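Engineer:
2 protein chains.
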Amino acid sequence: MNKKYTTQMNAAKKGIITNEMLEVARKENINIDELIEKMKRGVIVIPCNKNHASISPEGIGSGLRTKINVNLGISKDSSDFEKEIRKVKKAIEMEAEAIMDLSSFGKTREFRKELVDISSAMIGTVPIYDLVGYYDKDLKDITAKEFLNVVEEHGKNGVDFITIHAGLNKETIKVFKRNKRLNNIVSRGGSLTYLWMQINNKENPYYEYFDELLDICVKYDITLSLGDACRPGSVNDATDASQIKELMVLGELTLRAWEKDVQVIVEGPGHMAIDEIESNMLLEKKLCHGAPFYVLGPIVTDVAPGYDHITSAIGGAIAASKGADFLCYVTPAEHLRLPNEEDMIEGIIAVKIAAHAGDIGKKIKNAKEWDYKMSVARQNLDWETMFSLSIYEEKARRYRKESKPEIEDTCTMCGKMCSMRNMNKIMKGEEVDIL
Amino acid sequence: MNKKYTTQMNAAKKGIITNEMLEVARKENINIDELIEKMKRGVIVIPCNKNHASISPEGIGSGLRTKINVNLGISKDSSDFEKEIRKVKKAIEMEAEAIMDLSSFGKTREFRKELVDISSAMIGTVPIYDLVGYYDKDLKDITAKEFLNVVEEHGKNGVDFITIHAGLNKETIKVFKRNKRLNNIVSRGGSLTYLWMQINNKENPYYEYFDELLDICVKYDITLSLGDACRPGSVNDATDASQIKELMVLGELTLRAWEKDVQVIVEGPGHMAIDEIESNMLLEKKLCHGAPFYVLGPIVTDVAPGYDHITSAIGGAIAASKGADFLCYVTPAEHLRLPNEEDMIEGIIAVKIAAHAGDIGKKIKNAKEWDYKMSVARQNLDWETMFSLSIYEEKARRYRKESKPEIEDTCTMCGKMCSMRNMNKIMKGEEVDIL
Chain A
74 MNKKYTTQMN
84 AAKKGIITNE
94 MLEVARKENI
104 NIDELIEKMK
114 RGVIVIPCNK
124 NHASISPEGI
134 GSGLRTKINV
144 NLGISKDSSD
154 FEKEIRKVKK
164 AIEMEAEAIM
174 DLSSFGKTRE
184 FRKELVDISS
194 AMIGTVPIYD
204 LVGYYDKDLK
214 DITAKEFLNV
224 VEEHGKNGVD
234 FITIHAGLNK
244 ETIKVFKRNK
254 RLNNIVSRGG
264 SLTYLWMQIN
274 NKENPYYEYF
284 DELLDICVKY
294 DITLSLGDAC
304 RPGSVNDATD
314 ASQIKELMVL
324 GELTLRAWEK
334 DVQVIVEGPG
344 HMAIDEIESN
354 MLLEKKLCHG
364 APFYVLGPIV
374 TDVAPGYDHI
384 TSAIGGAIAA
394 SKGADFLCYV
404 TPAEHLRLPN
414 EEDMIEGIIA
424 VKIAAHAGDI
434 GKKIKNAKEW
444 DYKMSVARQN
454 LDWETMFSLS
464 IYEEKARRYR
474 KESKPEIEDT
484 CTMCGKMCSM
494 RNMNKIMKGE
504 EVDIL
Chain B
74 MNKKYTTQMN
84 AAKKGIITNE
94 MLEVARKENI
104 NIDELIEKMK
114 RGVIVIPCNK
124 NHASISPEGI
134 GSGLRTKINV
144 NLGISKDSSD
154 FEKEIRKVKK
164 AIEMEAEAIM
174 DLSSFGKTRE
184 FRKELVDISS
194 AMIGTVPIYD
204 LVGYYDKDLK
214 DITAKEFLNV
224 VEEHGKNGVD
234 FITIHAGLNK
244 ETIKVFKRNK
254 RLNNIVSRGG
264 SLTYLWMQIN
274 NKENPYYEYF
284 DELLDICVKY
294 DITLSLGDAC
304 RPGSVNDATD
314 ASQIKELMVL
324 GELTLRAWEK
334 DVQVIVEGPG
344 HMAIDEIESN
354 MLLEKKLCHG
364 APFYVLGPIV
374 TDVAPGYDHI
384 TSAIGGAIAA
394 SKGADFLCYV
404 TPAEHLRLPN
414 EEDMIEGIIA
424 VKIAAHAGDI
434 GKKIKNAKEW
444 DYKMSVARQN
454 LDWETMFSLS
464 IYEEKARRYR
474 KESKPEIEDT
484 CTMCGKMCSM
494 RNMNKIMKGE
504 EVDIL
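Protein chains in written order, with our numbering: chain A, 74 to 508; chain B, 74 to 508.
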């Protein structure tokens with residue numbers, strides 16, 4: 074371990090070029106000086122725990138390709154260790170840059186350690202999920218000190234970023250109570266934090282001991298992902314007082330973290346009408362001083378359970394094009410059940426589409442090149458190249474295979490009326506047969 | 074038949090309130106005077122052929138709920154009449170407001186007549202698809218007069234709207250030839266029109282005989298859907314000279330149609346980067362004088378064959394929220410094969426999500442009510458109501474059924490950690506068990 078710096082942000086401030094920075098600059102095809110300058114300001118992070126040896130580091134933030142996260146983990150209703158590890162491998166094969174281990178029951182420590190061992194993707198956790206299982210006692214009996222101990226344990230295990238609902242402090246709760254909303258607190262970690270605070274009549278431990286928390290983050294270089302306990306759970310509640318009040322607290326915490334050179338990501342909505350997304354991207358960037366924005370969704374309508382990979386692909390694409398840096402996948406199982414492997418695959422494809430569409434929109438370097446190559450292949454009726462460039466090759470191949478056209482180079486949609494085929498012929502002065 | 078007016082637009086101009094107007098005003102919960110005023114100006118249409126007895130009329134345009142269209146039809150690669158009629162019935166059951174019959178081979182007339190007989194949804198066609206099969210001769214040998222005869226035949230059969238690529242005239246082709254694009258003309262009807270013009274060295278018959286075409290439209294009250302032959306087939310080609318030149322011609326044709334009281338819809342892209350959609354909505358509304366905009370997609374990235382119901386749901390939702398009035402569905406089979414029934418279902422759900430998300434965004438009256446009811450049910454953990462409000466009930470029910478939770482009112486995603494359940498308990502002062 075290089076002793077000359079603590080966190081990646083600390084290195085940037087000292088002008089030290091780390092291997093992780095070099096790797097990110099190479100992957101993104103950007104200038105290393107520009108990268109360091111942005112890391113110094115906190116608008117780019119490289120979540121990379123010093124104990125995560127197998128990581129292939131990725132940057133998240135301003136001017137970089139939008140990254141995606143996949144949620145996994147073992148729980149009471151799904152404790153099959155091996156099945157979950159298979160999903161992990163599939164997610165990495167599908168190029169997810171991050172995996173959040175949301176395990177809440179069973180051998181969570183063993184699972185987490187194996188995950189860190191095998192994963193080149195960055196690993197995130199929500200320590201509060203692990204709290205009750207870890208101590209095997211009632212949430213109300215857990216002490217503030219124990220909240221921090223679990224964070225330390227995750228840091229030791231090599232977790233790259235942790236979600237902490239530190240913005241749900243007593244002040245935020247006052248605003249929440251004065252401003253009625255339809256769906257209260259829908260964040261799982263947020264509701265647990267609220268529960269603990271109400272039962273014990275105490276301040277949020279993550280907020281009260283934020284400095285101690287930062288010290289742990291510095292020790293392992295854990296990136297803080299400041300969770301949004303008050304993210305809207307319905308389009309009705311979006312952009313309301315509770316959400317914005319919490320975001321303001323997160324902005325203040327961001328500055329405190331940066332003072333100690335802790336890297337920060339801010340988490341965001343949630344359910345949100347399509348016309349509110351752009352303003353919400355602006356709000357986060359302003360109130361949180363340009364910290365990278367990590368959004369779950371936004372889900373643009375509440376009425377499509379079974380199809381929330383689509384409602385969130387719509388919101389995620391818009392969010393990414395307007396400044397979101399990191400998208401959490403949502404699967405077709407959202408609001409209905411724990412996702413299985415097929416749900417995970419559909420969720421990953423949808424969020425990859427959203428991220429890429431957003432990258433084209435915000436003019437990320439070379440984002441359009443992929444599309445250009447695909448459209449050249451399409452123009453040439455070069456099916457093999459089209460397949461190899463497809464966002465999910467297996468389905469594209471299968472679809473064509475299941476429906477063989479009369480004419481080899483066309484497809485059964487138009488057959489001999491294929492506009493690509495006919496325009497190519499006529500532009501070359503060749504005769505065209507349609508009948 | 075009421076002899077006092079020709080088309081719905083003609084009635085509006087004369088201040089006559091038709092049954093169709095009353096029905097639309099009732100469905101949309103808007104004032105009849107406002108509806109008539111907008112129909113007079115052409116910014117709302119009610120496509121409704123006088124020979125389509127079974128129709129349940131719908132309005133398309135300014136201030137109304139975004140409507141959706143489903144493409145179907147028999148072709149060389151799929152000539153099973155009965156199978157296609159089953160799809161029609163399913164599409165109507167799923168509340169598609171329009172069905173375009175894109176039949177290009179076989180007993181197209183019989184299919185069209187049966188379709189009109191059974192369909193409460195409005196029916197659209199692209200007469201040029203039917204041309205070669207109808208006369209059973211080479212495209213090049215078909216006369217301009219014969220182009221019009223097929224339109225007359227479709228009108229007689231009760232077709233409510235027809236796509237005509239009248240904007241691809243000699244002037245547009247000059248611009249197309251001077252401004253190189255990656256994917257030329259990807260519109261099927263547009264490429265056939267181009268082919269005929271090039272082989273015969275003649276003006277586009279739909280453009281040259283536009284007045285005669287209008288006379289046929291008046292006779293049956295066919296709504297003209299002015300097709301975009303130059304719609305971009307890749308994000309690379311979007312918003313280019315060919316596309317905009319053609320749109321300008323469509324704007325001029327719109328005014329000519331309105332002069333004869335023919336209702337008009339204008340068709341639009343296509344493949345398009347997410348950051349260009351809003352400007353394109355504005356361009357159409359300006360250049361085409363507020364005529365309702367009917368978009369195919371926009372597909373926001375070229376790289377996702379097998380998932381173009383998602384790429385187009387993203388684009389469609391944005392388009393609808395920024396002024397598009399009518400969305401054409403795109404299925405997972407796009408760019409790969411003719412869609413089967415399952416593809417059709419997935420396509421309909423995706424476009425319904427896009428239309429509704431767009432309606433929330435453009436603040437269509439009561440659009441959010443559906444979401445509100447769903448989120449109340451979600452808050453109450455009232456699964457039966459959630460299912461009945463779901464955009465596709467079958468999948469939501471199946472997903473939950475396949476994965477039974479430990480605690481009846483929660484789901485396997487969070488189990489006892491369900492934020493809805495726990496927040497409800499704590500807000501009521503009840504004890505919460507998590508372990």
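Cβ atoms here follow ideal geometry from the backbone N, Cα and C, with glycine treated the same way. Since the structure is predicted, the reported quantities are computational estimates derived from the model, not experimental observations.
Have a look at A/Gly488 and A/Glu481 and give me their C-alpha separation to the nearest angstrom.
Structural biologist: Locating residue 488 of chain A in the first sequence gives position 415, where the first residue counts as 1. Locating residue 481 of chain A in the first sequence gives position 408, where the first residue counts as 1. If I take the Cα positions, the gap works out to 9 Å.
Engineer: What in chain C is Cβ-close to A/Gly343, meaning under 8 Å?
Structural biologist: The chain labelled as chain C is not found among the protein chains of the depicted structure, namely A and B.
Engineer: Any contact between the segment 336 to 346 of chain A and the segment 299 to 309 of chain A? By contact I mean 3 or more CB pairs, one from each, below 8 Å.
Structural biologist: yes
Engineer: Report the rounded CA-to-CA distance for A/Lys130 versus B/Glu419, giving the unit in angstroms.
Structural biologist: Locating residue 130 of chain A in the first sequence gives position 57, counting from the first residue. Locating residue 419 of chain B in the second sequence gives position 346, counting from the first residue. Note that residue 130 of chain A is Pro in the sequence shown here, rather than Lys. If you take the alpha carbons of A/Pro130 and B/Glu419, they lie about 37 Å apart.
Engineer: Give a yes or no on whether 8 Å exceeds the smallest Cβ distance from A/His429 to chain B.
Structural biologist: What you label residue 429 of chain A is simply residue 356 of the first sequence in a count that begins at 1. Closer than 8 Å: yes.
Engineer: Just the chain B side, please: which residues come within less than 7 Å of A/Leu411 by C-beta, in chain order?
Structural biologist: Looking up residue 411 of chain A in the first sequence gives position 338. Here the neighbours are Ser476, Thr485, Met486.
Engineer: What in chain B is Cβ-close to A/Arg473, meaning under 7 Å?
Structural biologist: Position 400 of the first sequence, counted from the start, is the residue given in the question as residue 473 of chain A. Those are Leu409, Arg410, listed as they occur along chain B.
Engineer: Does DSSP put A/Phe234 in a helix, a strand or coil?
Structural biologist: For this step, residue 234 of chain A is matched to residue 161 along the first sequence. Here A/Phe234 sits in strand by DSSP.
Engineer: May I have a chain-ordered list of the beta strand (DSSP E) segments no shorter than 3 residues that lie completely inside the segment 389 to 471 of chain B?
Structural biologist: 399 to 401
Engineer: Pick from A/His408, A/Arg410, A/Val322, A/Leu369: whose alpha carbon is nearest that of A/Ile391?
Structural biologist: Counting from one through the first sequence, the residue named residue 391 of chain A turns up at place 318. For A/Ile391, the nearest C-alpha among the options comes from A/Leu369.
Engineer: Leaving out five residues before and five after A/Pro200 in sequence, what residues of the same chain have Cβ atoms less than 6 Å from its Cβ?
Structural biologist: Locating residue 200 of chain A in the first sequence gives position 127, counting from the first residue. Excluding residues within five positions, the ones whose Cβ falls inside 6 Å are Val223, Val224, His227, Ile235.
Engineer: Does the beta-carbon of B/Thr80 have 16 or more other beta-carbons within 10 angstroms, so that it is buried, or is it exposed?
Structural biologist: In the second sequence, the residue the question calls residue 80 of chain B occupies position 7. Flag for B/Thr80 reads buried.
Engineer: Cα separation between B/Ala194 and B/Lys213?
Structural biologist: Locating residue 194 of chain B in the second sequence gives position 121, where the first residue counts as 1. Locating residue 213 of chain B in the second sequence gives position 140, where the first residue counts as 1. Roughly 34 Å between the two C-alpha positions.
Engineer: Would you mind sorting B/Ser352 into buried or exposed? The rule is 16 or more other CB atoms within 10 Å of its CB.
Structural biologist: In the second sequence, the residue the question calls residue 352 of chain B occupies position 279. Flag for B/Ser352 reads exposed.
Engineer: With a cut-off of 8 Å, does the C-beta of B/Ala380 fall near any C-beta of chain A?
Structural biologist: By 1-based counting over the second sequence, the position of residue 380 of chain B is 307. Note that residue 380 of chain B corresponds to Tyr in the displayed sequence, not to Ala. Answer yes: the Cβ-Cβ gap between B/Tyr380 and chain A drops below 8 Å somewhere.
Engineer: Given a cut-off of 8 Å on the beta-carbon distance, is the pair A/Ile464 and A/Ile422 in contact?
Structural biologist: As a position in the first sequence, residue 464 of chain A is number 391, starting the count at 1. As a position in the first sequence, residue 422 of chain A is number 349, starting the count at 1. For A/Ile464 and A/Ile422, yes; Cβs fall inside 8 Å.
Engineer: A/Asp444 versus chain B: which residues are under 9 Å apart at the beta carbon?
Structural biologist: The residue given as residue 444 of chain A occupies position 371 in the first sequence. In chain order: Ser307, Val308, Asn309, His344, Ala346, Thr374, Asp375, Val376.
Engineer: Would you tell me roughly how many angstroms separate the C-alpha atoms of A/Glu479 and A/Ile237, rounded to the nearest one?
Structural biologist: Working through the first sequence from its first residue, we reach residue 479 of chain A at position 406. Working through the first sequence from its first residue, we reach residue 237 of chain A at position 164. Each residue's Cα considered, the two are about 58 Å apart.
Engineer: Taking CB distances under 8 Å as the criterion, tell me whether B/Glu479 reaches chain A.
Structural biologist: One-based indexing of the second sequence puts residue 479 of chain B at position 406. For B/Glu479, the answer is yes, since a Cβ of chain A falls inside 8 Å of its Cβ.
Engineer: Tell me whether A/Met500 is buried or exposed, calling it buried when 16 or more other Cβ atoms sit within 10 Å of its Cβ.
Structural biologist: Counting from 1 along the first sequence, the entry for residue 500 of chain A is found at position 427. Under a 10 Å Cβ-count criterion, A/Met500 is classified as exposed, with fewer than 16 other Cβ atoms of the shown protein chains found around its own Cβ.
Engineer: Provide the residue(s) that pair with B/Asn144 in DSSP beta bridges, ordered along the chain.
Structural biologist: Along the second sequence, one-based indexing puts residue 144 of chain B at 71. For B/Asn144, which the question treats as bridged, DSSP gives the partners B/Met173.
Engineer: Quick check: what's the CA-CA separation for A/Gly134 versus A/Lys247?
Structural biologist: Translated into positions along the first sequence, residue 134 of chain A becomes position 61. Translated into positions along the first sequence, residue 247 of chain A becomes position 174. Near 32 Å, if we compare the C-alpha coordinates of A/Lys247 and A/Gly134.
Engineer: I believe B/Met173 touches B/Thr198 by the beta-carbon criterion, under 8 Å. Please report the beta-carbon distance rounded to the nearest angstrom.
Structural biologist: The residue you call residue 173 of chain B lines up with position 100 of the second sequence. The residue you call residue 198 of chain B lines up with position 125 of the second sequence. That pair is a contact at about 7 Å.
Engineer: Going residue by residue through the segment 310 to 393 of chain A, where are the continuous beta strand (DSSP E) segments of at least 3 residues, counting only ones entirely within it?
Structural biologist: 337 to 341, 366 to 369
Engineer: Less than 8 Å between the CB atoms is what I'm expecting for B/Tyr510 and B/Asn122, so what's the real figure, rounded?
Structural biologist: Any answer about residue 510 of chain B is impossible in this case: the structure gives chain B only from 74 up to 508.
Engineer: What's the C-alpha gap between A/Phe399 and B/Lys250?
Structural biologist: To locate residue 399 of chain A, count along the first sequence from 1; it is residue 326. To locate residue 250 of chain B, count along the second sequence from 1; it is residue 177. If I take the Cα positions, the gap works out to 42 Å.
Engineer: What does the alpha-carbon distance come out to for the pair B/Ala330 and B/Leu287?
Structural biologist: As a first step, residue 330 of chain B must be located in the second sequence, where it is residue number 257. As a first step, residue 287 of chain B must be located in the second sequence, where it is residue number 214. CA-CA distance, B/Ala330 to B/Leu287, rounds to 7 Å.
Engineer: For the beta strand (DSSP E) holding A/Ser298, just list the boundary residues, first then last.
Structural biologist: Residue 298 of chain A sits at position 225 when you count from the first residue of the first sequence. Segment 296 to 299, the beta strand (DSSP E) holding A/Ser298.
Engineer: Within the continuous alpha helix (DSSP H) that includes B/Met94, where are the two ends?
Structural biologist: As a position in the second sequence, residue 94 of chain B is number 21, starting the count at 1. From DSSP, the alpha helix (DSSP H) with B/Met94 extends over 92 to 101.
Engineer: Under 8 Å, Cβ to Cβ, is there at least one residue of chain A near B/Tyr207?
Structural biologist: Start at 1 with the first residue of the second sequence, and residue 207 of chain B comes out as number 134. Chain A, which has no Cβ nearer than 8 Å to the Cβ of B/Tyr207, makes this no.
Engineer: Based on DSSP bridge pairs, tell me the residues matched to B/Ile499.
Structural biologist: On the second sequence, position 426 is the one that residue 499 of chain B refers to. DSSP, once it has assigned bridges, lists no residue as partnering B/Ile499.
Engineer: Which residues in the same chain have their Cβ closer than 6 Å to the Cβ of A/Glu466, if we skip the five residues on either side of it in sequence?
Structural biologist: Taking the first sequence and counting its residues from 1, the one referred to as residue 466 of chain A is at position 393. Here the set comprises Phe460.
Engineer: Just verifying my parser: in three-state terms, what is the DSSP assignment at A/Gly306?
Structural biologist: To locate residue 306 of chain A, count along the first sequence from 1; it is residue 233. A/Gly306: coil per DSSP, three-state reduction.
Engineer: So which residues on chain B does A/Cys256 lean against when the C-beta distance must stay under 8 Å?
Structural biologist: For this step, residue 256 of chain A is matched to residue 183 along the first sequence. The question names Cys, but residue 256 of chain A in the sequence shown is Asn. Going along chain B in sequence order, the residues near A/Asn256 (Cβ under 8 Å) are Ser448, Arg451, Gln452, Met493.
Engineer: Name the residue from A/Glu93, A/Ile289, A/Asn309, A/Ala85 whose alpha carbon lies nearest to the alpha carbon of A/Arg114.
Structural biologist: For this step, residue 114 of chain A is matched to residue 41 along the first sequence. For A/Arg114, the nearest C-alpha among the options comes from A/Ala85.
Engineer: Can you name the start and end residues of the beta strand (DSSP E) that B/Ile196 belongs to?
Structural biologist: Here residue 196 of chain B is taken as the residue at index 123 of the second sequence, counted from 1. Element bounds for B/Ile196: 195 to 198.
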